[in-house]
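These notes concern the structure reproduced below.
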Amino acid sequence: MSARGGGTRPQFTTKPSIKQRGKSIVFECNLLADPLPDITWSKAGQTIENSDRYAITCQSSGQNHLLSLEIKGVTANDGGEYKVFAKSPLGDTTATINLNIGAAKKSGKPPKFLEKPSIAQVGDNIEMKCVIEAQPMPRITWFRGDSQISTGGKITISCDPGPQPDSYVLLLVIRSPGPDDSGSYRCNVVNEAGESNASLTLNMSQAPQPSGTPPNFIEKPRIEREGDNIRITCICKGDPAPTFTWYRGESVMTSGGRYSISSTNSGIEYTLVLLISNFTAEDGGQYRIVAKSGLGEANATVSINTQMQQPEQQQEPPPQLVGKPQIKVQNNGRVVVIEIRVKSLNRPDVKWTHEGVAIGNGGRYFMDMTRDGDSYVVVLEIDELNNSDNGMYNCVIRTAGGEANASVTLNLKAPQTKPGEAPKVVTPLSAATGQVSECVEFRAQISGSEPSALNGESPAARCPLAATTSWCTPQGWPPCDCCGSPRPTRAR
Numbered sequence: 001m002s003a004r005g006g007g008t009r010p011q012f013t014t015k016p017s018i019k020q021r022g023k024s025i026v027f028e029c030n031l032l033a034d035p036l037p038d039i040t041w042s043k044a045g046q047t048i049e050n051s052d053r054y055a056i057t058c059q060s061s062g063q064n065h066l067l068s069l070e071i072k073g074v075t076a077n078d079g080g081e082y083k084v085f086a087k088s089p090l091g092d093t094t095a096t097i098n099l100n101i102g103a104a105k106k107s108g109k110p111p112k113f114l115e116k117p118s119i120a121q122v123g124d125n126i127e128m129k130c131v132i133e134a135q136p137m138p139r140i141t142w143f144r145g146d147s148q149i150s151t152g153g154k155i156t157i158s159c160d161p162g163p164q165p166d167s168y169v170l171l172l173v174i175r176s177p178g179p180d181d182s183g184s185y186r187c188n189v190v191n192e193a194g195e196s197n198a199s200l201t202l203n204m205s206q207a208p209q210p211s212g213t214p215p216n217f218i219e220k221p222r223i224e225r226e227g228d229n230i231r232i233t234c235i236c237k238g239d240p241a242p243t244f245t246w247y248r249g250e251s252v253m254t255s256g257g258r259y260s261i262s263s264t265n266s267g268i269e270y271t272l273v274l275l276i277s278n279f280t281a282e283d284g285g286q287y288r289i290v291a292k293s294g295l296g297e298a299n300a301t302v303s304i305n306t307q308m309q310q311p312e313q314q315q316e317p318p319p320q321l322v323g324k325p326q327i328k329v330q331n332n333g334r335v336v337v338i339e340i341r342v343k344s345l346n347r348p349d350v351k352w353t354h355e356g357v358a359i360g361n362g363g364r365y366f367m368d369m370t371r372d373g374d375s376y377v378v379v380l381e382i383d384e385l386n387n388s389d390n391g392m393y394n395c396v397i398r399t400a401g402g403e404a405n406a407s408v409t410l411n412l413k414a415p416q417t418k419p420g421e422a423p424k425v426v427t428p429l430s431a432a433t434g435q436v437s438e439c440v441e442f443r444a445q446i447s448g449s450e451p452s453a454l455n456g457e458s459p460a461a462r463c464p465l466a467a468t469t470s471w472c473t474p475q476g477w478p479p480c481d482c483c484g485s486p487r488p489t490r491a492r
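Heads up: the sequence shown begins at 1 in UniProt numbering, then just goes up one per residue.
Structural data, given as structure tokens:
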């Protein structure tokens, strides 16, 4: 698996070869790696070094490296199993060579990872996926840290045939993962032709979002008259395949009678058609199609003018989600920002919910929306994060042209609060003098590493005239301009 900074994990691209040169035997292996890994040759567990009998070389061209071991003056004692081990910060891999003096060498393919291992969220589960090539079928072992893991409890491990000959799809699924499932995972693949490893890191402080494309209507609906019939056509993109539902008003529509509903696709692009036969004035009204998948929801709306009995095209396309929602963790995990980019002709109306409950702007929630070219960036910021903020957040983005729906799952671990220094009075309240009927300001200095709550938050509580009991207050005296309390005449 590639590191964030770039590079290529070591992997052997072809099975090792054995060549004879006079009385010498030469092993050759083709390795793909960046940076150049440390190379170790061994026989029966004993490391082989350069010497009069052994010559070890490495010829490099970019990321491709030709590794060779020459054994001079070969005898029957040189028969046996040889291994070449390549290790870099990005991973390690091993190729095995069997030298049978006087016998044919074994055939096969050493394990090779065909694509970069991936981690994705599928529903409530985390799925780690590797695609390999090997022949014969390899032995698969998964590790978390240094401990071997197997199917059981919340973990399921599987190996299925891959998309091409001698390939396999390896899956490790963690159901309903939590912060305790974070850590380093390793997939070890070995057969008699060689060995390879891939490393994956799971960080549940920010759970991976599901992969794919949320549903998006990429153009406004088209309405065409075909004789006495009306055809409504919509184009939607989505991966995985969305489900589509047509509505007339609030009623679900199905094929039958004068209505015909069809769907065709080319890749992740779907063409959706509603055909109304023998169209009459009674068929006028609002029609809507909803596309829904695990990554979100979108809809498109069209109105048919009942008076004209002619289709009335909507004036703007529905909002389209651009990319996937982004989650940003700030201020040492105390603040989370969710950003959703949507393409919309006009400024949309936005509604947020958390686990189905509407949330509004204020308190720990800050909501914003800014224009960026032909798109809007919708922002939800959550301050003072705690564990109750985990769960599903849903954002409904609505315009006159339709609606888009984006869902984001938070599975974060709130930072632990460290105890601070208790408040302490450094300088007590000082005496103050002033004129009768005027407010007097008293000051005190308080220290401490945590914010201190001061008693008395209303103007009357902060005004010394209202706080003292050493005054007499006759009837009819004008109130204090600071706090509204009656003004005093003299002190007792």
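All residues carry an ideal CB built from backbone N, CA and C; glycine is no exception.
Remember, it's a predicted structure, so these values are computed and weren't measured experimentally.
Simplified DSSP assignment, three categories, for residue i
| i | result |
| --- | --- |
| S452 | Residue confidence is low: S452 scores 47 on pLDDT, short of 50, so the model does not pin down where it sits. Its coordinate-derived value is still stated next. In the structure shown, S452 sits in coil (DSSP, three-state: anything other than H, G, I, E or B). |
| D166 | coil |
| P179 | helix |
| E384 | coil |
| D389 | helix |
| E339 | strand |
| D228 | coil |
| D368 | strand |
| A120 | strand |
| N30 | strand |
| N77 | helix |
| N98 | strand |
| G194 | strand |
| T233 | strand |
| Q63 | coil |
| I140 | strand |
| C463 | Here C463 scores only 42 on pLDDT, less than 50, and its place in the model should not be relied on; the value that follows carries that caveat. Correct three-state label for C463: coil. |
| T8 | strand |
| A44 | coil |
| E403 | strand |
| R222 | strand |
| R21 | strand |
| E49 | coil |
| residue 493 | Limits of the chain in this structure are 1 at one end and 492 at the other, which puts residue 493 out of reach. |
| S150 | coil |
| R490 | Below a pLDDT of 50, predicted positions are generally treated as unreliable, and R490, at 38, falls in that range; the measurement from the model is reported next regardless. The answer is coil: DSSP assigns R490 none of H, G, I, E or B. |
| T213 | strand |
Residues that residue i bridges to, as DSSP identifies them
| i | result |
| --- | --- |
| K351 | V396 |
| I174 | I126 and I155 |
| N331 | Paired residues: none, contrary to the question. |
| L202 | G183 |
| V357 | H354 |
| G91 | S88 |
| P161 | Y168 |
| V131 | V169 |
| N188 | T141 and N197 |
| S375 | K343 and D372 |
Cβ-Cβ separation, residue j to residue i (assumed contact under 8 Å), whole Å
| i | j | result |
| --- | --- | --- |
| I232 | V302 | 6 Å |
| residue 500 | E70 | Since the first residue shown for the chain is 1 and the last is 492, residue 500 is missing from the structure and cannot be characterised. |
| M137 | G178 | The Cβ separation is near 34 Å, so there is no contact. |
| T13 | K109 | Wrong, their Cβ atoms sit about 10 Å apart, outside the cutoff. |
| I397 | P319 | 5 Å |
| P348 | Y376 | 7 Å |
| E28 | S68 | 5 Å |
| Q59 | L32 | 14 Å between Cβ atoms; not a contact. |
| V336 | I327 | 7 Å |
Among the options, nearest to residue i - alpha-carbon criterion
| i | options | result |
| --- | --- | --- |
| F217 | E316, Y82, S260 and I230 | E316 |
| E339 | Q286, N346 and C395 | C395 |
| K15 | E133, W246 and K23 | E133 |
| N387 | S262, G402 and G333 | G333 |
| D160 | S147, L170, A406 and Q59 | L170 |
| I157 | R175, G6 and A400 | R175 |
| S150 | S24, D180 and R186 | R186 |
| N50 | L385, T245 and I39 | I39 |
| A193 | T94, G401 and P215 | T94 |
| C236 | I223, M253 and Y270 | Y270 |
| G356 | D372, N390 and K343 | N390 |
| K83 | V74, P221, I327 and I48 | I48 |
| P117 | I155, R9 and L32 | R9 |
| T75 | D52, I101 and L90 | I101 |
| V350 | L200, N299, V273 and V378 | V378 |
| E250 | N265, G257 and G285 | G285 |
| A406 | F366, D372 and V322 | V322 |
| G145 | L200, D124, S196 and E297 | L200 |
Proximity test, residue i beta-carbon vs the ligand FMN heavy atom, cut-off 7 Å
| i | result |
| --- | --- |
| K87 | Ligands are entirely absent from the displayed structure, and the ligand FMN is therefore not among its contents. |
Check: What residue ranges within the region 236–319 form continuous beta strand (DSSP E) runs of no fewer than 3 residues, ordered along the chain?
Finding: 243–248, 251–253, 259–266, 269–276, 285–293, 296–305 and 310–312
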